[in-house]
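For reference, the structure discussed in these notes is given below.
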Amino acid sequence: MSRIKVLLICILYFLNVSLCAQTVSGTFYNVPPQMVYLNAYTGLYMETVDSVMMSEDGRVEFDNVGHKGMYQIETESGLYFDFLCDDEPVAFVLKNENNVVSVEFIRSRLNNDWHKYKNERASYDEKQQLLKHVLRNYDSNTSFYKEAKYEFEKNQTDFKNFTDSLISHGNYASKLISVDRPPFINTDDSFTKQREDMKTAFFEMVDFTDTTLIHTNVLTTKVIDYLSILQFQGQTPSEQEFSVILGIDNVMNLASVSYPMYRFVFEYLMIGFHELGFNAYLDYLMRMPYVEQLDADDVELEEIYDLAEKYSRVKIGIKAPEITGVDINNVEFDLYDIDNDYVILLFWSYSCAHCREIMKEMKYFLKENTDFTFLSVCVNGERKDIKKLIRKNGLKGYFYHDGLSWNSPVVNAYAVTATPSIFIIDKDKKIVAKPFGFEEINDFVNSIR
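Residues -5 to 443 in the working numbering are what the sequence shown lists, from first letter to last.
This is the structure:
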């Protein structure tokens, strides 16, 4: 499945969450019968909670969805869309006309409101970004600048009125819209004051005690947007780094109002900075800022300490955790005994379409880069299917699959929460890169040639 990443979230995250226990049904037009997946958001990552086979007439139905939050419907061929679940059934129609996909919700003001907002927000952001460029780079005395300023302010007013009308409906989408809506700017202020006011107002509408936000991507997107505005042109790299650390500090302080929220935000940031290889931010988070403010028992605090220790094991520059065993072809191997300049270690899932594409491309990469040895760890899938895919792609290397899925000690040792996850390990068995895909892999190769 493309775009599917699975994050194992502690059951604590689901405390105080309303169950919606409703059905989700829909009809696909001009889409051939195939598997359809129901995915639940837990921030950046998603968990596949159910799957059904589409009927011959394009119908699907999922029973008892579960908790209130944001979900995604995804087809095996890669079509997908998000929706909200509150306390009412969800019915949709997806049409694929000349490769243009549209989704309509039947009798769901909640989802109609949310999709109207998301479409308008995308258009609003695009227009305002273009106008910001004019306001920051043109003489304020020119007519062009004044016209741009007028349009910018009008767009803000129109967007506020539009979103206020949706928020007035008082449903679950209303709450998410009020959280997601960006702060408005006073264009008469200096850019410095605009930035400071935006930083101050950024989380005004976020209730960090509301754990239902954990089951959407709204809070995590808000956090990333906040950290992004702290970096601006003219800062040195060290100034940018310090600004982001101050931002992380503020976010963790806000999240410390409850243990479930603190743990969620803490792990979300740890995962993100771990995947990006931002060691300075990981190092700061490992101090567990504001953990002393938590209303948490010893067991809960120990879980925070364990998370910090877990991600400290796989930072760039750290010696890679050992992997040894017998692969699916009954070949014994030991990571530390692999005698080559580099090992490319891939954690993948058979159910992940993007992972299978990487496996397909790996054959050509290894042929051109003989100083790399391939070691793959398959997180899920049937052995026969995995072996068939390896034979089909003519891959050479070591292919480990212990059948323990996300409970595998190897998965835990490398703090893997999503597939694909890639590590490049050098001759000294140190982690030297954590690329997202072949573009970053090739960037690394170019840097060492």
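Even for Gly, the Cβ is constructed at its ideal location relative to N, Cα and C.
- Look at asparagine 149 here: in three-state DSSP terms it is helix.
- Boundaries around glutamate 294 are those of the alpha helix (DSSP H), 292 to 306, since no beta strand (DSSP E) includes it.
- Apart from sequence neighbours up to five positions away, the residues of its chain that approach glutamate 316 with a beta-carbon distance below 7 Å are Leu329 and Tyr330, ordered along the chain.
- Using a C-beta cut-off of 8 Å, the stretch 95 to 109 makes no contact with the stretch 122 to 136, since fewer than three inter-stretch Cβ pairs fall below that distance.
- With a minimum length of 3 residues, the unbroken runs of beta strand (DSSP E) contained wholly in the stretch 28 to 72 fall at 29 to 36, 39 to 47, 53 to 56 and 63 to 69.
- Here DSSP, grouped into helix, strand and coil, assigns alanine 412 to coil.
- When rounded, the separation of the alpha-carbon atoms in lysine 424 and phenylalanine 341 is 17 Å.
- Judged by DSSP secondary structure, alanine 427 falls within the beta strand (DSSP E) whose first and last residues are 425 to 427.
- In the three-state scheme derived from DSSP, where H, G and I count as helix and E and B as strand, cysteine 349 is classed as helix.
- With at least 16 other beta carbons inside 10 angstroms of its own, glycine 375 counts as buried.
- Residue range 253 to 270 is occupied by the alpha helix (DSSP H) that includes valine 259.
- Rounded to whole angstroms, the Cβ separation of aspartate 174 and valine 217 is 12 Å, and the two are not in contact under 8 Å.
- In terms of CA proximity to histidine 163, Asn105 leads the group Asn105, Tyr262 and Phe438.
- Taken atom to atom, the span from the alpha-carbon of valine 84 to that of aspartate 152 is near 30 Å.
- For alanine 85, the beta-bridge partners assigned by DSSP are Ser19.
- Glutamate 68 sits close to tyrosine 31, with the two beta carbons spaced by under 9 Å.
- Partner residues in the beta bridge of isoleucine 418, as assigned by DSSP, are Ile338 and Ala427.
- Shown here, asparagine 24 sits in coil according to DSSP, grouped into three states, outside any helix or strand.
- If you draw a straight line from the Cα of phenylalanine 86 to the Cα of tyrosine 118, it comes to about 26 Å.
- When only Cα atoms are considered, alanine 249 and glutamate 303 end up about 20 Å apart.
- Check the Cα spacing between proline 27 and each of Asp44, Ser252 and Val54: the tightest is with Val54.
- By the Cβ rule, the stretch 297 to 314 counts as touching the stretch 265 to 277, because three or more pairs are nearer than 8 Å.
- Here lysine 309 carries a coil assignment [DSSP, helix/strand/coil].
- Per DSSP, the unbroken beta strand (DSSP E) holding leucine 78 starts and ends at 74 to 79.
- Each of Lys110, Leu129, Asn135 and Asp321 was checked against the Cα of alanine 142, and the nearest Cα belongs to Leu129.
- Taking C-alpha positions only, valine 373 is separated from isoleucine 332 by approximately 22 Å.
- Separation of the CB atoms of phenylalanine 75 and valine 97 is rounded to 5 Å, and the pair is thereby assigned contact status at 8 Å.
- For glutamine 234, same chain residues with a beta-carbon under 6 Å away, outside a window of 5 residues either side, are Gln225 in chain order.
- Checking the DSSP bridge columns, you'll see threonine 367 partnered with Val337.
- Beta-bridge pairing by DSSP links asparagine 374 to Ser343.
- Contact check for leucine 170 against leucine 78 passes: the beta carbons are separated by less than 9 Å.
- Bounds of the alpha helix (DSSP H) holding threonine 215 are 212 to 223.
- A residue is called buried once 16 or more other Cβ atoms fall within 10 Å of its Cβ, and proline 414 is buried on that count.
- When only Cα atoms are considered, leucine 301 and serine 137 end up about 56 Å apart.
- According to the DSSP assignment, threonine 318 belongs to no alpha helix (DSSP H) but to the beta strand (DSSP E) extending over 318 to 320.
- In this structure, aspartate 289 and tyrosine 253 form a Cβ contact; the two beta carbons are roughly 7 Å apart against a cut-off of 8 Å.
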